[in-house]
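Take 951 as the starting number for the sequence shown in our numbering and just add one per residue.
Even glycine gets a Cβ: it sits at the ideal position worked out from N, Cα and C.
These numbers come from a predicted model, not from an experiment.
Worksheet: one structure, shown below.
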Amino acid sequence: MMKKILTITIALAALLAPSCRKVDDGSDIDKSGFTVFRADTEELEIESGVKVSDTWADGDMLGVFGSESGVNEAYVLKRSGVGKAEAAFYGPLVKGGKVTAYFPYADDVALQDGLVPFWLNPVQTYDAESGAAEFFKRYCNLCVASTADDATLHFRYPLGMLEIQIRFDETVSVSGMSVSSDSGIAGRLLAAGDGSSSESAISAHTVSLDFGGVPVQSRTADGFAAFRFVLRPGVYPAKSLVLNITALDEEITVRLGETVVERVKGNNFNVTTVVVGTSDIPGFNKEDGYLE
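Structure representation (structure tokens):
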């Protein structure tokens, strides 16, 4: 049978349970009836000059929709690729023109209008110890790709990240924070192979931070606390994103100006940062530091 060699560029850490297929010992396998994918991971620039390269782990699998019946096929990592940034995956022979793929594989995934459905938790735990990349990967557990010519699949993240900093003159104790939108920004979302994402009929319109009952000070020894949200990327018109903060024993609502939340990309880890000062809050008494 015809054998196809595909190269896959991917940017996500391995998170899946071991494969149910027989894993080879790294030597040549019988590729008859299989499509073999070459897969590697992109470096991700987290901060200026700091890069992280992911490697494949035993049991990693890709999900591929390439057959004429639209079946969700599992592609298994060759054992010789364990611990490497570039490896081979193999699975049932791909048939048909367009190939849509995602990582990590799950047996219950089905395309919806050609898009890959996935879940973004609308309740995210604040963690002062985690860096931006670690926080992002905790909630963005999917990447996607597609090709029309079986040439190359470039995997992409379908999500972005928003960071809020509260820069009041005085340190305030923050016990609650959320971001809301008229459009769906979390919950069940749909991802296209180019990395774009869209809302579904059951998307969530609010992403909340869970502080675990412990208030967070707006200032730190190094500057200001970073309150991060992973959400659907896009251009949000002025006042369409609403920030709700519980601080100063008050509920503070701030409608953000036009906000561009960029999709996180390999070698381009752009995080949209929004600074909230007292001038952004109507009725704030700067002299006494309370809401009128």
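Residue i to residue j span [Cα, whole Å]
| i | j | result |
| --- | --- | --- |
| Ala1154 | Gly1137 | 5 Å |
| Thr1223 | Ala1007 | 33 Å |
| Val1014 | Tyr1052 | 7 Å |
| Cys1093 | Phe1068 | 10 Å |
| Pro1183 | Arg1169 | 27 Å |
| Leu1193 | Ile1116 | 11 Å |
| Glu1208 | Phe1177 | 19 Å |
| Gly1110 | Tyr1040 | 30 Å |
| Val1225 | Gly1020 | 46 Å |
| Ser1030 | Ala1037 | 7 Å |
| Leu1206 | Ala1082 | 22 Å |
| Phe1085 | Val1221 | 12 Å |
| Ala1141 | Pro1108 | 6 Å |
| Ser1080 | Ala1171 | 16 Å |
| His1104 | Val1204 | 38 Å |
Short CB-CB distance (under 8 Å) between residue i and chain C
| i | result |
| --- | --- |
| Leu1191 | Annotation note: the requested chain C is absent from the structure, which comprises a single protein chain. |
Sheet register partners of residue i (DSSP bridge)
| i | result |
| --- | --- |
| Val1129 | Val1157 and Leu1193 |
| Cys1093 | Phe1053 |
| Tyr1107 | DSSP, once it has assigned bridges, lists no residue as partnering Tyr1107. |
| Asn1022 | Phe1015 |
| Ile1202 | Ile1195 |
| Leu1181 | Gly1110 |
| Pro1187 | Paired residue(s): none; Pro1187 is not in a bridge. |
| Val1073 | Ser1158 |
Assumed close pair residue i, residue j - CB separation to whole angstroms, cut-off 8 Å
| i | j | result |
| --- | --- | --- |
| Val1211 | Leu1112 | 5 Å |
| Pro1072 | Ser1158 | 7 Å |
| Pro1065 | Val1180 | Here residue 1065 turns out to be Leu, not Pro, going by the sequence shown. So it is not a contact: roughly 19 Å between Cβ atoms. |
| Gly1033 | Thr1050 | Rounded, the Cβ-Cβ distance is 28 Å, inconsistent with contact. |
Check your understanding: Would the region 1057–1071 and the region 1016–1031 be scored as touching if the rule is three or more Cβ pairs under 8 Å?
Key -> yes
Spell out a yes or no on whether the region 1187–1206 and the region 1141–1151 are touching, meaning 3 or more CB-CB pairs, one atom from each, closer than 8 Å. no
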